[in-house]
Amino acid sequence: MSNTEKKKLDRKTAKSVFLRLCTYVLKYWYLFIPAVLLTLFSNQLSLLGPKYSGEAIDALALSTGVDFKAVWENVIKMLFCYLLSAVMSYLLATLMIFLSQRIVYTMRRQLFEKLTTLPVGYFDKTPTGDIISRISYDIDTVNSSLSHDLVQIMTSLYTVIGSLVFMWNISKPLICVFIITVPAAILFTRYRSKIVRPLFSKRSKKLGELNGYAEEMLSGCRTIQAYEREEEIGRRFNERNRDAMDAYYDADYHGCIIGPGMNFINNLSLSLVMILGGMLYLFSQNGTVKAGSIFFITLGGVAQFVQYSRKFAGPINEFANILSELQSAFSAAERVFRIIDEEPETADKANAHVISDVEGNVEFRDVTFGYDPEKVILKGVSFKADTGKTIAIVGPTGAGKTTVINLLMRFYDVNDGETLVDGIEARDITRESLRRAYTMVLQDTWLFRGTIFENIAYGREGATLDEVKSAARAARIDSFIEGLPDGYDTVLTDDGINISKGQRQLITIARAMVSDSKMLILDEATSNVDSRTEIKIQKAMATLMKGRTCFVIAHRLSTIKNADKILVVRDGRITEEGTHDELLCKGGFYATLYNSQFS
Amino acid sequence: MRRVIGYLREFAGRMTVGFIIKTLGTIVELFLPLILSHILKNVIGRSMKDILLWGALMIVCSAAACILNVVANRMAAKVSKCFAENLRRDLFIKTLRLSAAQTDSFTIPSLESRITSDTYNVHGFINMIQRLGVRAPILLIGGVGMTLIMDARLATVMIALLPLIFVTVFFIRMKGIPLYAKVQRSVDSMIRVVREDSQGIRVIKALSKSDYEHRRYDKVNCDLVHDETKAGVIMGCVNPIMTAFMNLGSVGVIALGAFLVSKDVSDPETVIAFMQYFTLISMAMMSVTRMFVMYTKCSASASRIAEVLESSEDLPVFEEDSLPNKDTDAHILFDSVSFSYSGKKNNVDNISFSVKQGGSLGVIGATGSGKSTLIKLLLRFYDTDEGAIYVNGKDIRTIDKKSFYAMFGTVLQHDFLYADTIIENIRFGRDVSDEDIRRVTKIAQADGFIENFEEGYDRVLSQHGTNISGGQKQRTLISRALAAKPPILILDDSSSALDYKTDAALRKALAENMRDTTIITVAQRVSSVKDCDTVIVMDEGRIIGMGTHEQLLETCPEYKEISDSQMGGAFVE
Chain A
1 MSNTEKKKLD
11 RKTAKSVFLR
21 LCTYVLKYWY
31 LFIPAVLLTL
41 FSNQLSLLGP
51 KYSGEAIDAL
61 ALSTGVDFKA
71 VWENVIKMLF
81 CYLLSAVMSY
91 LLATLMIFLS
101 QRIVYTMRRQ
111 LFEKLTTLPV
121 GYFDKTPTGD
131 IISRISYDID
141 TVNSSLSHDL
151 VQIMTSLYTV
161 IGSLVFMWNI
171 SKPLICVFII
181 TVPAAILFTR
191 YRSKIVRPLF
201 SKRSKKLGEL
211 NGYAEEMLSG
221 CRTIQAYERE
231 EEIGRRFNER
241 NRDAMDAYYD
251 ADYHGCIIGP
261 GMNFINNLSL
271 SLVMILGGML
281 YLFSQNGTVK
291 AGSIFFITLG
301 GVAQFVQYSR
311 KFAGPINEFA
321 NILSELQSAF
331 SAAERVFRII
341 DEEPETADKA
351 NAHVISDVEG
361 NVEFRDVTFG
371 YDPEKVILKG
381 VSFKADTGKT
391 IAIVGPTGAG
401 KTTVINLLMR
411 FYDVNDGETL
421 VDGIEARDIT
431 RESLRRAYTM
441 VLQDTWLFRG
451 TIFENIAYGR
461 EGATLDEVKS
471 AARAARIDSF
481 IEGLPDGYDT
491 VLTDDGINIS
501 KGQRQLITIA
511 RAMVSDSKML
521 ILDEATSNVD
531 SRTEIKIQKA
541 MATLMKGRTC
551 FVIAHRLSTI
561 KNADKILVVR
571 DGRITEEGTH
581 DELLCKGGFY
591 ATLYNSQFS
Chain P
600 MRRVIGYLRE
610 FAGRMTVGFI
620 IKTLGTIVEL
630 FLPLILSHIL
640 KNVIGRSMKD
650 ILLWGALMIV
660 CSAAACILNV
670 VANRMAAKVS
680 KCFAENLRRD
690 LFIKTLRLSA
700 AQTDSFTIPS
710 LESRITSDTY
720 NVHGFINMIQ
730 RLGVRAPILL
740 IGGVGMTLIM
750 DARLATVMIA
760 LLPLIFVTVF
770 FIRMKGIPLY
780 AKVQRSVDSM
790 IRVVREDSQG
800 IRVIKALSKS
810 DYEHRRYDKV
820 NCDLVHDETK
830 AGVIMGCVNP
840 IMTAFMNLGS
850 VGVIALGAFL
860 VSKDVSDPET
870 VIAFMQYFTL
880 ISMAMMSVTR
890 MFVMYTKCSA
900 SASRIAEVLE
910 SSEDLPVFEE
920 DSLPNKDTDA
930 HILFDSVSFS
940 YSGKKNNVDN
950 ISFSVKQGGS
960 LGVIGATGSG
970 KSTLIKLLLR
980 FYDTDEGAIY
990 VNGKDIRTID
1000 KKSFYAMFGT
1010 VLQHDFLYAD
1020 TIIENIRFGR
1030 DVSDEDIRRV
1040 TKIAQADGFI
1050 ENFEEGYDRV
1060 LSQHGTNISG
1070 GQKQRTLISR
1080 ALAAKPPILI
1090 LDDSSSALDY
1100 KTDAALRKAL
1110 AENMRDTTII
1120 TVAQRVSSVK
1130 DCDTVIVMDE
1140 GRIIGMGTHE
1150 QLLETCPEYK
1160 EISDSQMGGA
1170 FVE
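Taken in sequence, the protein lines are chains A and P. Residues 1 to 599 (this note's numbering) are what the first sequence spells out, left to right. Residues 600 to 1172 (this note's numbering) are what the second sequence spells out, left to right.
Structure representation (structure tokens):
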């Protein structure tokens, strides 16, 4: 892409990000419109205050002495204005907080809900910390900008327009000064923001990377301690930290010119007004310019014009100051939108079946698949799993065992061929009902912060305590749970210190037992459980597997031996298929593997 | 807050220079209205030359103010950048140094948000205060000084306002800081759910739990919105209240002014000038208020950071006098060790055993029997409640951390790989040569699969090593443990995903190549421990059998049961 094209694209994204943020604001028009009205009113009121105070001062500066009646009248008016204005600006602040909170709530929610629809591969590619950075830091940046800058912009606009009108009435030629300085200001900010915008994007990106690294290393802090690598990892963290802070500084370095720069332009126009005004006054005084001409100006006129142009400058300055905040908010919003726009798992077909009473017949027909279409992992794989049967998948590392599971669950869709459940092509079934038909126990035990009850009942909506208890009993984890001070109400903490990996796995097995799906996937489901416990839960596992179509990946012989069918997967193909005895007789790869353990 | 502000000390010089430049810039800018009124009063209407001259002076002042402000802002940005960088670096290293118990009580998501969002808050404040913190005080002090000189009686109005302002600030600060602390806690919870779900996405999808997770997230999201709104609504009243006070003050000045003028003790011109200054003071006051709101938010974050930085060394290194050496020839000695995580039931109870230099120990037992706890105690992630652990006769609590951990090569149960090349994951930031790494990968049976990758040792792993299989992960981790030729090797359940053949080859290679290394193996498979000099069998935190494989088959029925059940153990990877 050429440089200019890229720039154009940058501008386009900035514009679309802005428009998109607007749609969020407009969605809450019932908060936004009152906010606009309140801004107008409270600004008007705060302008009225000085007017009454001026009148009050006039009343006390009369040559005839103080006119107390007029003073008190104005004082009361002032009190009224100021108090009302205070109430209104408080209302406005509150309203803006509600508005911005609604918006961030929606954004966070959209982002999170999007996450759950993304293909699982996304999470392998994207560091968790970066996702967290987007949902916390980036959205927070948008939030502070919305709640603060929006009101500021509205106020600025109001004051700028008001002041311009007044100035127009005083002297039209003097306005010409702004014909020079306003475009200068616009060009200047445009030029600066073109430089600054990519810097802000970089800053958000770098912070995301930093978070990703921090999150990853914190998850390994025990290992880092065991190797006494705190200094070294700290040093590497600091490299990223420095990168992120440098990006921050770069954005700041170029961004912080905008404020003083605008201020300079304002001061310049003030000076020019002074010079030009002084000249016009000089000409008006010495008669070169006649009264009634548009060039005519009085001393009071010059003074007033200066007053207004200072008033005019204030909000423009303010606007320039928040411009960099806006820039950083846009970059942040863009990162948020990028996840929201991420391609989700392909939608279910319009006429997709919702399968409910699944029998559990599964078939692969000539399935070809690769995560990267160039690198095929499964080549023309076909097999059939009849209802209630146990299929064991055996093969060396990287042969594609887990890939088969990924396709069964439709974490990925096949490139070629088809997978069928009860004779229906899986892509014609809604993902949710398809996945509901399966229960899965993985080697990777995943528990969330919540009570043990919640973690087990997670297997099926509406599971009762009794059901949970009997599942725990079957998984032989009941006595451990009941031995805990809070029993089933024990809250599992993030990295649960007093729960071993084996116990965690037993909890996930209990979770599977609570579920009533017709098909079961066991991917190294008991790898962390010691063999004594495994024997104890064998019966329960048998009950769990009974009547269900089971897919088993395991390296323990006992589980594989009893399978109804063993599939040997090598180099993406099924090379052998049959029962344990059949395969032994055949004397192929399986037999070699089996016999090797006795050598 | 003080602890965090302490990080600014080293930048005191630069900050002072920046402060001076900013002050100069502000003063130069304040000249502009003076020049302006001078022109209006004295110059205008006289000569073209004077107008141009004074006008040019204004432009010069404007330019000077612009340059000075830019320089000062950049200096401020630099200072706050370095400040935040140092703060975050120390915070991160401190976090890595926290003991296991401390990490558990802070929780990882909370530590993470302290390193990220709390540090941002403080950074933002430091940056802001340097930019805004100069002009407002100058105007405020200058303004108040001027008003006192002009008319002390009128100034009493302002003095009367002070207690009101003070009370408001105090009250809101009291309310605000805990509210922001609560916001940050809600941020922690929100982050926790996102973190959990990113890691458990497969399970969530498999169980079609998206709706459940949406609800779970919605709850923390709503809590966060609620807390932020509450904090915002409280802090949102600062500005209107302050504005109202200052405006009331101006009303008071006029009322009092009218009285004074009527009594002929003051004149209208003073009142008018006084009002001008009062407006100036009000505006400065508003700036201060804005900083105050930021300060409140920042100090909640700062105290969360300080909490981590100041957390005491949980596992200090003791003097040898207090914990005497033990006269023993054992390399590792557990002497009547008991420990409980919760302080209630002992997780390991009265454990004693010893391993001699170059010896090997196997630990086997049921899930939750305390095997890994033994390892955690040996590595001093926790200190024992009773009894002591000795390495080379020294109580491990007296050995400094650097030389202590240098003795170990460890594979933990929950061990971690990170997004980097395989070779870097093995090297783990230590000074280990490429040859050594190639050598140890051979022992760990990892060379084969690594060399099979197109990129070989430079193959990049994804986070948590999700792009290689369980067995490959374990062999990479074992390579890491072996790389620095440690005197003690700890393998906690680190070959469970290896197939039988590879496991056996690994044992053999270890025995041949690591003769002088003391090896402790925790496993569920008898085959992994049966060649150890000593095997201990754990059950519910106690040792229920100790001896060689053959002895245990005779004396320990539980061991025999495990052994019989495994009949050759694993099959294929």
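Just so it is clear, CB atoms sit at the ideal spot from N, CA and C, and this is done for glycine as well. Predicted model only: the values in this text are computed from it and were never measured.
With distances taken Cα to Cα, identify the nearest neighbour of A226 (chain A) among P:S902, P:F1003, P:F682 and P:T983.
-> P:F1003
DSSP-derived helix/strand/coil call for C176 (chain A) = helix
Limits of the unbroken alpha helix (DSSP H) element including E1053 (chain P) | Taken as a continuous stretch (DSSP letters only), E1053 (chain P) belongs to no alpha helix (DSSP H), as it is neither H nor E.
In chain order, what residues of the same chain have a beta carbon less than 6 Å from the beta carbon of T508 (chain A), not counting five sequence neighbours either side?
-> V441 and T445
Looking at F682 (chain P) and M893 (chain P), is the spacing between their C-beta atoms short of 8 Å?
-> no
What does DSSP give as the partner residues of H580 (chain A) in its beta bridges?
-> BP columns for H580 (chain A) are empty, so no partner.
Does I224 (chain A) get closer than 8 Å to chain P when you measure Cβ to Cβ?
-> yes
Indicate whether at least one CB of chain P lies closer than 8 Å to the CB of R427 (chain A).
-> no
Element boundaries [alpha helix (DSSP H), containing V75 (chain A)] | F68 to T117
Residue nearest to D1092 (chain P) in terms of C-alpha spacing, selected from P:Y1099, P:S1127 and P:T1117 | P:S1127
Starting from the C-beta of G395 (chain A), find all residues in its chain whose C-beta is less than 7 Å away, skip the five residues before and the five after it, and write them out in chain order.
-> K401, V568, V569 and R570
Near Y24 (chain A), which residues of its chain fall below 6 Å by C-beta distance, leaving aside the five closest residues on each side in sequence?
-> I103
Between the CA atoms of I1042 (chain P) and D1138 (chain P) - distance to the nearest angstrom = 32 Å
Have a look at P:K943, P:G964, P:R1141 and P:I931 and flag the residue whose alpha-carbon is nearest the alpha-carbon of S953 (chain P).
-> P:I931
Any beta-carbon of chain A closer than 8 Å to the one on E1054 (chain P)?
-> no
Residue range of the beta strand (DSSP E) that L605 (chain A) falls in?
-> Only positions 1 to 599 of chain A appear in the structure, and residue 605 (chain A) is not among them; the question remains open.
Contact set between M757 (chain P) and chain A, taken where Cβ atoms lie within less than 9 Å = Within 9 Å Cβ-Cβ: nothing; M757 (chain P) doesn't reach chain A, min ~16 Å.
Would you report the Cα separation of L806 (chain P) and D348 (chain A), rounded to the nearest angstrom?
-> 17 Å
Write down every uninterrupted run of the beta strand (DSSP E) in the segment 614-665 of chain P whose length is 3 residues or greater and which is fully enclosed by it, in chain order.
-> none
Beta carbon of L218 (chain A) nearer than 8 Å to that of T694 (chain P) = yes
Environment of G1140 (chain P) [buried if 16+ CB atoms lie within 10 Å] | buried
Excluding the 5 residues preceding and the 5 following Q1071 (chain P) in the sequence, name in chain order all residues of the same chain whose CB lies nearer than 6 Å to its CB.
-> F1048
Exposure of T625 (chain P), with buried meaning 16 or more beta-carbon neighbours within 10 Å = buried
With DSSP as the reference, please indicate the residues paired to D1138 (chain P) in a beta bridge.
-> P:R1141
Counting only the same chain and skipping the five closest in sequence on each side, list residues whose C-beta sits under 8 Å from that of R613 (chain P).
-> M674, K677 and V678
Cutoff 6 Å; reference K781 (chain P); Cβ partners in own chain excluding five residues on either side | D826
Report yes if the C-beta distance between I714 (chain P) and V302 (chain A) is below 8 Å; otherwise report no.
-> no
Count the other C-beta atoms from every protein chain shown that fall within 10 angstroms of the C-beta of T1116 (chain P), then say buried if there are 16 or more, exposed otherwise.
-> buried
How is the beta strand (DSSP E) around D58 (chain A) delimited, first residue to last?
-> Taken as a continuous stretch (DSSP letters only), D58 (chain A) belongs to no beta strand (DSSP E), being part of the alpha helix (DSSP H) at W29 to L60.
Which residue from A:A512, A:S156 and A:R20 puts its Cα closest to that of G314 (chain A)?
-> A:S156
Kindly give me the distance between the Cβ atoms of I97 (chain A) and V832 (chain P), rounded to whole angstroms, as I take these residues to be in contact under 8 Å.
-> 6 Å
Taking the Cβ atom as the reference point for each residue, do T1009 (chain P) and A1045 (chain P) lie within a distance shorter than 8 Å?
-> no
Measure the C-alpha to C-alpha separation of G380 (chain A) and D366 (chain A) and round it to an integer number of angstroms.
-> 4 Å
Note down the Cα distance separating T895 (chain P) from V273 (chain A), rounded to an integer number of angstroms.
-> 42 Å
Would you say C315 (chain A) reaches chain P, if we count a Cβ-Cβ gap shorter than 8 Å as a contact?
-> Here residue 315 (chain A) is Pro; the residue named in the question, Cys, does not match the sequence. P315 (chain A) does not count as touching chain P.
Go ahead and pull the three-state DSSP assignment for D717 (chain P).
-> helix
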